[in-house]
Each structure stands twice: as structure tokens, then as C-alpha cells.
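Enquirer: Using our numbering, the first residue of the sequence shown is number -15, and each one after it goes up by one.
Even for Gly, the Cβ is constructed at its ideal location relative to N, Cα and C.
All figures in this text were calculated on a predicted structure; none of them were measured in a lab.
Pasting in a structure now, in C-alpha cells, and then I'll have a few things to ask.
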Amino acid sequence: MTESITITDNRSGESLEIPIVNGGVAAADWSKLLPGVWFYDPGFMSTAACESSITYLDGEAGILRYRGYPIEQLAAESTYLEVAYLLLNGELPNASEFDEWKHEITYHTFIHENVRKRFLDGFHYDAHPMGMLVSAVAALSTFYSDAKDIFDEESRHKQVTRLIAKMPTLAAAAHRFSVGMPFVYPDNSLDFAGNFLSMMWKVAEPRFEADPVLTRALDILFILHADHEQNCSTSAMRVVGSSHSDPYSATAAAAAALYGPRHGGANEAVIRMLSEIGTLDDVAPFIAGVKSGSHQRLQGFGHRVYKSYDPRAKIIKKIADEVFEVTGKNPLLDIALKLEEIALSDDYFISRKLYPNVDFYSGLIYQAMGFPLSMFPVLFAIPRTAGWLAHWQELLDQDSRIARPRQLYIGHDVRNYVPLGSR
Ligand code: CMC
């Protein structure tokens, strides 16, 4: 079988054979035959915007791998920091590489006092923590002037380390501000997830140590959220990065994309939906409303790429049981289970291949652990920073061109300006 396609321009009768490479055909070849004729692909439904060797995803089969390693194995055996190293460097670290990486991250967790005292303290008292995080990450670029040296290996590594290390500190600081609690400094004796929980919850105790089940559960959630190839926020990272802006500005853009309810805001929407449903008896009428279009969509269901059960959702469903052993069961769990059961046996959802996605159960865990709903997108941004930065590095190493799509213009033809008094 020939791995190629042939296109014919029916206006001229000319044809061109284009090879299929890695599952794609080069648009540059297409342009040779059809200059000025653009692919019309809103939402990038059929467009591969780059080549990448970071994450493999097969949405039909429900497969997700980071650098070739199945997500199930990483969730069972690895840690978020090890996964972050893997995403950024392409290989798992050996023992001494991992020690060095852990040390670097641990010793970059502090933020400049001005970021907290002047910048974060300037927000309105009820500021959303995700809005604070997006702005604070962008503001970091003004503290590190060397961040602009994006082709200097040493500087690049330093910014990557700073961003991964400071994200939990900024996230917790935003939360503490929004509830009027004093800022908690990082504790370098704790691991990544444990330190974040300490900065979130510490009150007057000399040292805060979270329940190890909860720390591990959070670390697994961080692993599951660390990358997901060319999703909306990662694409934002790549588009902004392609203009060669500094990594803090690009990460702020990615985090802003994550803020939306169709992306990182979906787990918050799930909790609101489950609370609105309220009782088991109301589940079936709610589903009927979703199908008829009179209700909102079923939040936490459906995915652009997965057309089967999201492998992350399967893992999260299991972790939920372990977390609820410690925290007590989230009362919304039964409604979620019922909703899933009804939806998965309903032709509307089956025919559209709509299954639970990563957000369907993660919010229940976060809520049981005590996180307010407004922190849910923030909890997504912390680990996704590793993925964003891995893609940013890959983009720079590929020496790629600035992102600049075309449009199909459908507006007015030329017309003459009419002065205000004559309109
Ligand atoms: N509930 C009910 N119907 C749905 C849903 C849903 N959650 N999702 C898709 N559909 C229907 C949709 O109405 C359409 O039906 P029809 O063909 O009759 O018009 C069909 O399924 C295809 O939907 P689409 O909007 O064309 O699909 P998309 O790939 O553009 O959207 C999505 C993907 C994730 C935005 C969408 O499924 C959705 O809105 N889900 C709910 C929000 C959510 O859970 N988002 C989290 C995504 S995973 C984490 C992340 O990436 O951040």
C-alpha cells in the first residue's frame, strides 16, 4: 500500500502526490499545487500544528503515555517531580540526577517578597485565585531579566526550575489571600505535594504534615495532569512561545487558556452541576434535560480527542475511594456514580462517544480534601506547568516559525468612508 495521497486541482487538471508521514500530510506540499487556497479548520479539528515526542495519545483506544511510559505505570510507581523531569528531559532521571533535580526545585520555591507583599496584596479582597495566579506568573518575568535569554541553556533551565518550583507557592499564596490568612513560607523538608499542602493549610502548628494518603493522592493527580499534548492551554503556550516571548509570559498565557470552563474550569462546573442536581431521584430528569438541550451539557463528559473512557478518569475514580477513607465520602459521589451509570447506557451519549473525562471525579477529591471550588483550575495549573514548559523547550529546539494562521475573509468588499454627520 502506498503511504500517500493524490490531490487534483479540478480548475487546471494538475495533480500532486503527497506522502503521508507519521500520520500526516505536509500542508507546504499542498500549497505547491494550490497557493492561496487555505485549509478551513476552525478549532483545529483536523490540523496537526507541530511534531512532538513528548506525549502519545490514542483517543479511540484510551491510551495516554508520557515519553512512551503508560500513564497507569507512572501513576502507580512514579512521583510528580520525576514525571516533570521525564517530560522536560525525555528520560527518567537516574538516582543522582533525581537528587539534584529535587534539590533544585526545593531551593527555588520561595518567591520575592515584593511579589507577595506588593503585587498579590494589591488584589481586591475577593479576587479569584486563578486570576491572581495568571497575573503573578506574568509578573515574575519582571523579576528575572535573564528570562529573555531563551536560547541560553543555563538561563532556560533556571526559568524552568523557578516556574515549576514557584507555582505551588504562588497558588497557595493566592488562596491564603482570598481567605484572609497569613502567607506560609515553603518548608524545604517536605516533598513537592506535602509542601504545597503545608502552604495551603498550616495555621499555628510548628510543622504541618498532611496525611500521607492525601499527599500521595495529590501527587498522583499532579502526574495525571502534567501533560496532555496539544490541548488548548499547551497550544496557547506554543503560539505565544513561537514569538520568542519569555517563559513567564508564555506560561501566563497558557494558564489564562486553562482558566476557561471548557478546559481547566470543568471540574468546578462538575461540582456545581452535582450540587444543583441534589438528589438521586433528580439524576434521570437532569439527563433528559441535557439531551433535549434545555439544560447545560453534562459537565466532565466528552472530550475532543478521547472517544472512549479517559484513562486518567479511570485512575482518579480509584484514588477517590482511598481519599474518601481518610476524609469521609463526598456526599456528591453517589450522584456522580448514578449520572455515569445512566449516561453510559443511554444512546445519546453512546452514539456520540461521550465518556467521563479527567474532570468528572477530580473535583470530588479536591472538594473532599478541603479545596474551595475556585482553587480547582489552580490545582490543574500547578502540574501542567511541567507539560507547558516541555512543549516550550521542544518548540525552541525545533527552531519553529512564528505561529500565524490564515483566515478565509467573509466581510465587506471595499467601500468608501462616510463622515459621521452623513451617517
Ligand atoms: N454533554 C452533552 N452533550 C455533549 C457533551 C456533554 N458534555 N459534550 C459533547 N456533547 C455533544 C454535543 O452537543 C454534540 O452533539 P451534536 O453532534 O448532536 O451537536 C456532540 O456531542 C459533539 O460535541 P462537540 O461540542 O462538537 O465536541 P468538542 O470536541 O468540540 O467539545 C468538549 C469537547 C470537552 C468541549 C465538550 O465535550 C464539552 O463541552 N464537555 C463538557 C466540559 C468538559 O467536561 N470539559 C473538560 C474537558 S477534559 C479536560 C480538559 O481538557 O481541560
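Classify Asp230 as helix, strand or coil using the three-state DSSP reduction.
Expert: If DSSP states are grouped into helix, strand and coil, Asp230 belongs with coil.
Enquirer: For ligand 1, which residues have a Cβ under 6 Å from at least one heavy atom, in chain order?
Expert: The set, ordered by position in the chain, is Asn215, Arg246, His247, Gly248, Ala250, Val274, Arg281, Leu282, Gln283, Gly284, Phe285, Gly286, His287, Arg288, Arg336, Leu338, Asn341, Val342 and Asp343.
Enquirer: I need the DSSP call for Glu1, collapsed to helix, strand or coil.
Expert: Residue state, collapsed to three classes: strand.
Enquirer: Just to check my reading of the structure: Leu181 and Ala201 have Cβ atoms closer than 8 Å, yes? What is that Cβ distance to the nearest angstrom?
Expert: No, Leu181 and Ala201 are not in contact; Cβ-Cβ is about 11 Å, not under 8 Å.
Enquirer: Can the beta-carbon of Gly7 be found closer than 7 Å to that of Ser292?
Expert: No; because the gap between Cβ atoms is not below 7 Å, this pair is not in contact.
Enquirer: For Ile(-9), which three-state DSSP category applies?
Expert: Ile(-9): strand per DSSP, three-state reduction.
Enquirer: Specify the secondary structure class of Tyr53 as computed by DSSP and reduced to three states.
Expert: Tyr53 falls in the strand class under three-state DSSP.
Enquirer: With a threshold of 6 Å on Cβ separation, who are the neighbours of Ala387 within its own chain once the five nearest residues in sequence on each side are excluded?
Expert: Hits under 6 Å: Val223 and Ser226.
Enquirer: Which same chain residues end up closer than 6 Å to Gln49 when comparing Cβ atoms and leaving out the 5 residues on each side of it in sequence?
Expert: Checking the sequence shown, residue 49 turns out to be Arg, not Gln. Once the five neighbours on either side are set aside, the close Cβ partners of Arg49 are Tyr40.
Enquirer: Quick one: residues in its chain with C-beta nearer than 6 Å to the C-beta of Phe127, no 5 flanking neighbours on either side, listed in chain order?
Expert: Contacts found: His96.
Enquirer: Under 7 Å between the Cβ atoms of Leu71 and Asp211?
Expert: The answer is yes: Cβ separation under 7 Å.
Enquirer: Spatial neighbours of Asp110 within its chain, please: C-beta separation below 8 Å, excluding the five flanking residues on both sides.
Expert: Excluding sequence neighbours, Asp110 sits near Ser162.
Enquirer: Excluding the five sequence neighbours on either side, which residues of its own chain have a C-beta within less than 8 Å of the C-beta of Asn172, listed in chain order?
Expert: Around Asn172: Thr90, Tyr91, Thr93 and Asn179.
Enquirer: Would you check if the segment 323 to 331 and the segment 271 to 283 touch, i.e. whether three or more CB-CB distances between them fall below 8 Å?
Expert: Touching, per the Cβ criterion.
Enquirer: May I have the straight-line CA-CA distance separating Thr(-10) from Arg407, to the nearest angstrom?
Expert: Rounded to the nearest angstrom, the two C-alpha atoms are 52 Å apart.
Enquirer: If you count every other CB in all the chains shown that lies within 10 Å of the CB of Met359, and 16 or more means buried, which is it?
Expert: Classification for Met359: buried.
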